[in-house]
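>
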Amino acid sequence: MSSAVAFTKDTLPPFRNEPYADFSRPDTHRAMQEALAAVRAQFGREYDLLVAGDRVRSSEKLPSINPSAPEEVVGVHQRATPEQAREAIERAFRYFPVWSRTPAERRAETLLRAATILRRRKMEFNAWLIYEAGKTWPEAEADVSEAIDFCEYYAREMLRLAGPHPMIQFPGERDELIYIPLGVGVIIAPWNFPLAILTGMTTAALVTGNTVVIKPSSDTPTIAAKFAEVLAEAGFPPESFSLITGSGAAIGDLLVEHPKTRFICFTGSKDVGLRINELAARPRPGQIWIKRVIAEMGGKDAIIVDSEANLERAVEGVLVSAFGYQGQKCSACSRAIVDQAVYDEFLARLVARAESLRVGPADDPANFMGPIINERAMNSILHYVEIGKQEGRLVTGGGRAGGPGYFLQPTIFAEVGPEARIFQEEIFGPVLAVSRARDFDHALELANCSEYGLTGSVYTTNREKINRAREEFFVGNLYINRKCTGAMVGCHPFGGFNMSGTDSKAGGPDYLLLFLQAKAIGEKLD
Ligand code: NAD
């Protein structure tokens with residue numbers, strides 16, 4: 003680490019979103035193909051656990067596979083034992099006093115270096131995402147760009163929160179407010195944004211001065227191992243983070259319940275999030291705090307297509323939101339709620355577009371959709387398709403697409419009522435329910451008829467209806483006349499209502515406060 007910090011919050015250029023690579027350019031296209039070849043040459047390598055800088059192994063292994071070609075092993079990882087997980091928490095606890103007192107400017111500078119490294123290794127990270135998570139080229143590019151954005155944004159946010167924060171001055175006193183970190187954080191990440199969400203949650207915790215134990219998804223441990231390389235190269239001290247791979251069920255409870263765990267930052271399914279919330283609420287012997295839980299969970303996101311919508315734009319918005327990354331985004335559109343005046347025309351156009359989408363290996367840039375993440379998820383989606391056949395009218399798709407990978411056809415059910423399971427339950431795949439609304443009131447009623455409240459979108463040209471949606475559509479992220487996926491750091495702080503989570507608003511000005519506690523200091527002046 004260099005000795006002097008090279009910037010202040012006033013000299014740092016303002017945040018801007020990372021531009022996406024343009025793969026239609028021959029040089030960029032070639033660079034991506036070279037990165038795919040270079041990453042492929044590393045398939046099957048074994049990766050260690052990282053416990054406060056120590057590389058350790060366990061006897062049980064966790065292979066990660068390429069869902070486009072399941073016989074290919076992308077990386078071999080360790081299944082951490084309970085003792086290793088416990089050791090990671092203990093070591094993080096021991097180092098917390100050092101890292102928490104490292105100046106905020108130094109921590110922010112380290113995070114900016116992480117952004118620079120990610121930018122330099124962008125094509126390589128794209129390739130890991132393509133092979134391990136089944137992302138197409140543009141989806142991988144968006145994931146890595148978002149990770150870079152989180153680093154750049156949270157570094158600036160930390161400098162802002164480092165103060166000063168003007169307080170009302172009580173006569174005869176100097177009154178101040180400062181933000182201090184919490185302690186040891188357990189970071190539990192999903193596979194669907196295996197770099198962006200992992201990076202966002204981890205770096206928010208680290209830049210605010212906490213130490214972390216990172217538990218990535220068992221489906222995407224190689225991406226997490228590569229991210230740990232970035233943290234180390236950027237200069238985060240080895241003792242400030244541990245990387246613990248293994249099944250969530252085997253070590254998750256232990257990490258959450260440990261009395262030295264101060265907070266849990268989780269993104270994943272509703273069931274796991276609720277379990278973590280419940281376990282974390284119960285104090286353990288020796289624990290002297292209430293654990294904080296940041297839990298971002300599932301969605302059942304709706305797009306309303308009004309009678310006064312631009313139908314062409316609505317069809318494209320629904321298509322991309324429902325089938326981009328195979329519908330495996332928490333923000334994905336899984337319900338299209340369409341005014342009866344335009345229902346038939348909308349459905350016919352949407353089905354024609356869905357049937358034109360190419361599905362196949364994610365490393366082939368001609369494919370719009372890649373594979374489902376794993377066999378279990380694919381079977382669960384196919385099970386929902388069978389349920390859907392009893393609940394609505396299957397108008398396209400409904401089965402596997404060709405090839406050895408976990409490929410599914412884009413699937414659309416029409417005439418789906420609000421009581422249907424495929425209208426209420428998160429399927430997390432390329433399955434869209436289309437419902438008929440009598441009018442705009444009914445459309446809003448149907449959209450809100452869900453225990454979730456993550457994203458939603460409305461297509462209409464009517465200003466009054468837009469205003470009503472702003473007030474009445476109960477979601478954490480509302481979009482007007484655009485898709486309901488693709489939240490941008492800084493522009494669309496992200497997080498949902500109700501069973502979608504704690505509305506933490508990642509990538510927004512409130513987020514880092516979740517990793518801090520405020521201390522008020524009043525000093526009597528003589
Ligand atoms: P998941 O809940 O199955 O797993 C998430 C993480 O929790 C994984 O690392 C897993 O190993 C771990 N885990 C599993 N059991 C655990 C336990 N008992 N204790 C502690 N950790 C445990 O979710 P997933 O399949 O990885 O991700 C998909 C889900 O995530 C979907 O529901 C999706 O909507 C949601 N998601 C939400 C957001 C958001 O911002 N709201 C973003 C992305 C994904």
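For what it's worth, our numbering labels the leading residue of the sequence shown as 3, then goes sequentially. Just so you know, even glycine gets a beta-carbon here, dropped at the ideal spot from N, CA and C. Remember, it's a predicted structure, so these values are computed and weren't measured experimentally.
#1: With burial defined as no fewer than 16 other Cβ atoms inside 10 Å of the residue's Cβ, what is the status of PRO412: buried or exposed?
#2: Hey, would you say ALA236 sits closer than 7 Å to ALA116, going by beta carbons?
#3: For the alpha helix (DSSP H) containing ALA135, list its first residue and its last residue.
#4: Does ligand 1 have a heavy atom nearer than 6 Å to the CB of ASN194?
#5: For ASN450, name the three-state secondary structure that DSSP assigns.
#6: Use the C-beta contact count for LYS63: other C-beta atoms within 10 angstroms, 16 or more gives buried, fewer gives exposed.
#7: To test your reading of the DSSP string, which unbroken alpha helix (DSSP H) runs of 4 or more residues are found completely within the segment 9-91?
#8: Tell me whether SER219 counts as near ligand 1, meaning its Cβ is closer than 6 Å to at least one heavy atom of that ligand.
#9: Spell out the partners DSSP gives ARG115 in its beta bridges.
#10: Could you give the distance in angstroms between the alpha-carbon of GLU310 and the alpha-carbon of VAL340?
#11: Taking Cβ positions, are ALA94 and VAL232 nearer each other than 7 Å?
#12: May I ask which residues mark the beginning and end of the beta strand (DSSP E) holding ILE246?
#13: Give the straight-line distance between the Cα atoms of VAL146 and SER219, rounded to the nearest whole angstrom.
#14: So is CYS496 buried or exposed if we call it buried at 16+ other beta carbons inside 10 Å?
#15: Leaving aside the five residues before and after LYS526 along the sequence, list all residues of the same chain whose C-beta is less than 7 Å from its C-beta, in chain order.
#16: Which ranges does the beta strand (DSSP E) cover as unbroken runs of at least 3 residues, wholly within the segment 271-303, from first to last along the chain?
#17: Just tell me which of GLY165, ILE375 and PHE127 has its CA closest to the CA of LEU197.
#18: Using C-beta distances below 7 Å, list every residue in its chain close to HIS494, excluding the 5 sequence neighbours before and after it, in chain order.
#19: In terms of residues, what are the limits of the alpha helix (DSSP H) holding TYR386?
#20: Between the Cα of ASP303 and the Cα atoms of THR118, GLY55, THR457 and GLU453, which residue gives the shortest distance?
#21: Report buried or exposed for THR222, applying the criterion of at least 16 other Cβ atoms within 10 angstroms of its Cβ.
#22: In this structure, how does DSSP classify ASP443 when only helix, strand and coil are distinguished?
#23: In angstroms, rounded to a whole number, what distance separates the CA positions of GLU143 and PHE172?
#24: Once DSSP output is grouped into helix, strand and coil, what is the label at PRO183?
#25: May I ask you to report which of helix, strand or coil DSSP gives ASP255?
#26: Using a Cβ distance threshold of 8 Å, determine whether the segment 44-61 contacts the segment 81-94, with at least three qualifying pairs required.
#27: Please report the distance separating the alpha-carbon of GLY250 from that of PHE268.
#28: Indicate, with yes or no, if ligand 1 has a heavy atom lying under 6 Å from the CB of SER271.
#29: Residues in its own chain within less than 7 Å of VAL209 by CB, not counting five upstream and five downstream?
#30: Rounded C-beta distance between LEU184 and ARG264? I'm assuming under 8 Å.
#31: Give a single yes or no on whether GLY301 has its beta carbon closer than 6 Å to a heavy atom of ligand 1.
#32: How long is the line joining the alpha carbons of LEU2 and PRO166, rounded to whole angstroms?
#33: Pull up the distance between the alpha-carbon of GLY390 and that of GLY329, whole angstroms please.
#34: Relative to the alpha-carbon of ALA90, which residue among PRO65, GLU298 and LEU256 has its alpha-carbon at the smallest distance?
#35: Going by Cα to Cα distance, which pick from GLU134, MET299 and LEU163 is closest to LEU518?
#36: Please list the terminal residues of the continuous beta strand (DSSP E) segment that includes PHE268.
Working from what's here:
#1: With at least 16 other beta carbons inside 10 angstroms of its own, PRO412 counts as buried.
#2: Using a Cβ distance threshold of 7 Å, ALA236 and ALA116 count as a contacting pair.
#3: Careful: ALA135 lies outside any alpha helix (DSSP H) and carries neither H nor E.
#4: Checking the Cβ of ASN194 against ligand 1 gives yes.
#5: DSSP places ASN450 in coil when its eight states are reduced to three.
#6: Result: exposed.
#7: Fully enclosed alpha helix (DSSP H) runs of 4 or longer: 28-42.
#8: Checking every heavy atom of ligand 1 against the Cβ of SER219, one is found closer than 6 Å.
#9: In the DSSP assignment, no residue is bridged to ARG115.
#10: A straight line joining the alpha-carbon of GLU310 with that of VAL340 spans about 11 Å.
#11: Not closer than 7 Å, so no.
#12: Neither: ILE246 is in no beta strand (DSSP E) and is coded neither H nor E.
#13: Those two C-alpha atoms are separated by around 17 Å.
#14: Note on identity: in this sequence residue 496 is Phe, with Cys being the wrong assignment. That one is buried.
#15: Correct list, in chain order: GLY174 and GLU175.
#16: Complete beta strand (DSSP E) runs here, min 3: 294-298.
#17: Considering only alpha carbons, the answer is PHE127.
#18: The answer, listed in chain order, is ASN479.
#19: If you look at TYR386, you'll find it in the alpha helix (DSSP H) that goes 377-393.
#20: Distance from the Cα of ASP303 is smallest, within the candidate group THR118, GLY55, THR457 and GLU453, for THR457.
#21: Flag for THR222 reads buried.
#22: Assignment of ASP443 by DSSP, reduced to helix, strand and coil, places it in the helix class.
#23: Their Cα atoms are separated by approximately 52 Å.
#24: Strand.
#25: Helix, per DSSP.
#26: Judged by Cβ distances under 8 Å, the segment 44-61 makes contact with the segment 81-94, as three or more pairs qualify.
#27: Cα to Cα, GLY250 sits roughly 12 Å from PHE268.
#28: Because some heavy atom of ligand 1 lies under 6 Å away, the Cβ of SER271 counts as near it: yes.
#29: ARG109, ALA110, LEU113, TYR156, ALA157 and MET160, listed in sequence order.
#30: Right, the Cβ-Cβ distance comes to about 5 Å (below 8 Å), so this counts as a contact.
#31: Yes, ligand 1 has a heavy atom inside 6 Å of this Cβ.
#32: The requested residue 2 is not part of the displayed model; the chain covers only 3 to 528.
#33: Linking GLY390 to GLY329 through their CA atoms gives a straight-line distance of about 16 Å.
#34: Checked all of PRO65, GLU298 and LEU256; the closest Cα to ALA90 is LEU256.
#35: The residue with the shortest Cα to Cα distance from LEU518 is LEU163.
#36: For PHE268, the enclosing beta strand (DSSP E) starts and ends at 263-269.
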